[in-house]
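*Asks:*
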C-alpha cells in the first residue's frame, strides 16, 4: 500500500514539473517549447536555445585544468581496470626513474634500495604459476596486436577469451603462445577486423597449422559464434597497399556482391576471393596491377588469383 502511495506521489510530482515547464515561456522569444536536456539537467528553449532554468549539480572535480598535462597532474584517480593485464591494473608499480617527488636524483644508497623494492614488487605481483602463465600470455597478445595494428578493443576481447580458456583448463597440453595467438585471431574475427591466418602467423612464434588447430579447438570448447569472413572487409586495406583509387574499390565490391549471389563464394578463401576481385576490377578500370603484386599484398598464390578470377569473369559474363 505504501509503495502504491509513493508511486502515485512520484507520478504526481513528475506531472506537476511537466505542467510547470509547459506553462512557462521563454523570456527571450516567448516560446513555450521548453525541453530539459538529459546531460546537464537544464531547461532550454527549443526555438532560440536560451537556458531558462539551470539547477543542475556539478559532479565533476573541484579543481580546474586547462590542458592535458595539468589535468593529469591534478587527477587523484588511476587508470581504469583492463583485461589486458594479469592483475587488471589494480596493483601498484614503482617507477623506474631514480628521482624523488621533486624530480631530484636520489642517492646511490636509495637507488640500490629502490632497485630491490622493484624486484620484489615484480615477484609478488604473480603469486603462482597460473598468474605467471597469464602474465606471459597477455604480454604476447599485446605484442602481436601491436604488430598487427589492431585496435584496443581487439586486445581486450582476446584477453577475455584467453582468461576463459585458462579457467576452463584448455591450456593444458598446448603451448601458451599457440593458445594466445588463437585467441587473438578469434578476437579479430569477433570484432570484424580483417586479419588472415597467415598475417597472424607472421607475428607469432608458432606455425600457422598449430594456430588454426588451436583456434578451432578454443572456439568450439568456449562456444564462440564465428561468422564467415566477408571478403569485402579486406578490400580497403588491399587497395590502399596497392595504391588503387575508390573507383576500383567500388568495382571490386560490385564484383564480390554479384558473384557471391551466384554461390561462388562458398568454400573459398576470403582473402583469395578479394584478391581476385581486386585484380579483375583493376583491369576493368584501367588501373592494371599484375597478379604477382596483388598476390604479395593478399599473401595468396598467383594460381589462386587466376582460378578465382576466371570464375568471377565467367559469372559476370565479361569477355
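Numbering (my numbering), first residue to last: 163 to 481. Every residue gets a Cβ at the ideal spot worked out from N, C-alpha and C, and that includes glycine. Every value quoted in this text rests on a predicted model; they were computed, and no experiment measured them.
For residue 363, I'd like the list of residues in its chain whose CB is within less than 6 Å of its CB, leaving aside the five on either flank, ordered along the chain.
*Replies:* To locate residue 363, count along the chain shown from 1; it is residue 201. Excluding residues within five positions, the ones whose Cβ falls inside 6 Å are 370, 373.
*Asks:* Quick check: what's the CA-CA separation for residue 430 versus residue 204?
*Replies:* On the chain shown, position 268 is the one that residue 430 refers to. On the chain shown, position 42 is the one that residue 204 refers to. So the alpha carbons of these two residues sit roughly 57 Å apart.
*Asks:* Does any CB atom of chain B fall closer than 9 Å to the CB of residue 452?
*Replies:* In summary, chain B is missing from the structure at hand, where a single protein chain is found.
*Asks:* In this structure, does DSSP put residue 213 in helix, strand or coil?
*Replies:* Counted from its first residue, the chain shown places residue 213 at position 51. The answer is strand: DSSP assigns residue 213 an E or B state.
*Asks:* DSSP has residue 198 in a bridge; who is on the other side?
*Replies:* Start at 1 with the first residue of the chain shown, and residue 198 comes out as number 36. According to DSSP, residue 198 bridges with 205.
*Asks:* Determine whether the beta carbon atoms of residue 300 and residue 332 lie at a separation below 9 Å.
*Replies:* Residue numbering aside, residue 300 sits at position 138 when the chain shown is read from its first letter. Residue numbering aside, residue 332 sits at position 170 when the chain shown is read from its first letter. Taking 9 Å as the Cβ cut-off, residue 300 and residue 332 do not qualify as a contacting pair.
*Asks:* Apart from the five residues on each side of it in sequence, which residues of its chain come closer than 8 Å, Cβ to Cβ, to residue 458?
*Replies:* In the chain shown, the residue the question calls residue 458 occupies position 296. Hits under 8 Å: none found.
*Asks:* State the DSSP-derived secondary structure class of residue 394, mapped to helix, strand or coil.
*Replies:* Position 232 of the chain shown holds residue 394. Looking at residue 394 - three-state DSSP - the assignment turns out to be helix.
*Asks:* Alpha carbon to alpha carbon, how far is residue 292 from residue 350?
*Replies:* Position 130 of the chain shown, counting from 1, holds the residue named residue 292. Position 188 of the chain shown, counting from 1, holds the residue named residue 350. Their backbone Cα atoms lie some 25 Å apart in a straight line.
*Asks:* Assuming residue 404 and residue 455 make a contact with CB atoms under 8 Å, what is their CB distance in whole Å?
*Replies:* Sequence index remark: in the chain shown, residue 404 carries index 242 (1-based). Sequence index remark: in the chain shown, residue 455 carries index 293 (1-based). Contact holds; Cβ gap of about 6 Å.
*Asks:* Write down the C-beta distance between residue 295 and residue 328 rounded to the nearest angstrom, noting that I regard them as a contact closer than 8 Å.
*Replies:* Position 133 of the chain shown holds residue 295. Position 166 of the chain shown holds residue 328. Rounded, the Cβ-Cβ distance is 7 Å, consistent with contact.
*Asks:* Rounded to whole angstroms, what's the CA-CA distance from residue 424 to residue 477? Just pull it up for me.
*Replies:* Translated into the one-based positions of the chain shown, residue 424 becomes position 262. Translated into the one-based positions of the chain shown, residue 477 becomes position 315. Cα to Cα, the separation comes out at about 7 Å.
*Asks:* Rank 334, 318, 336, 340 by C-alpha distance to the C-alpha of residue 352 and give the top, closest one.
*Replies:* Position 190 of the chain shown holds residue 352. The shortest Cα separation from residue 352 among 334, 318, 336, 340 belongs to 318.
*Asks:* Taking the straight line between their C-alpha atoms, what separation do you get for residue 214 and residue 280?
*Replies:* Start at 1 with the first residue of the chain shown, and residue 214 comes out as number 52. Start at 1 with the first residue of the chain shown, and residue 280 comes out as number 118. Taking the straight line joining both Cα atoms gives about 57 Å.
*Asks:* Report the partner residues of residue 261 according to the DSSP bridge assignment.
*Replies:* Counting from one through the chain shown, the residue named residue 261 turns up at place 99. Beta-bridge pairing links residue 261 to 267.
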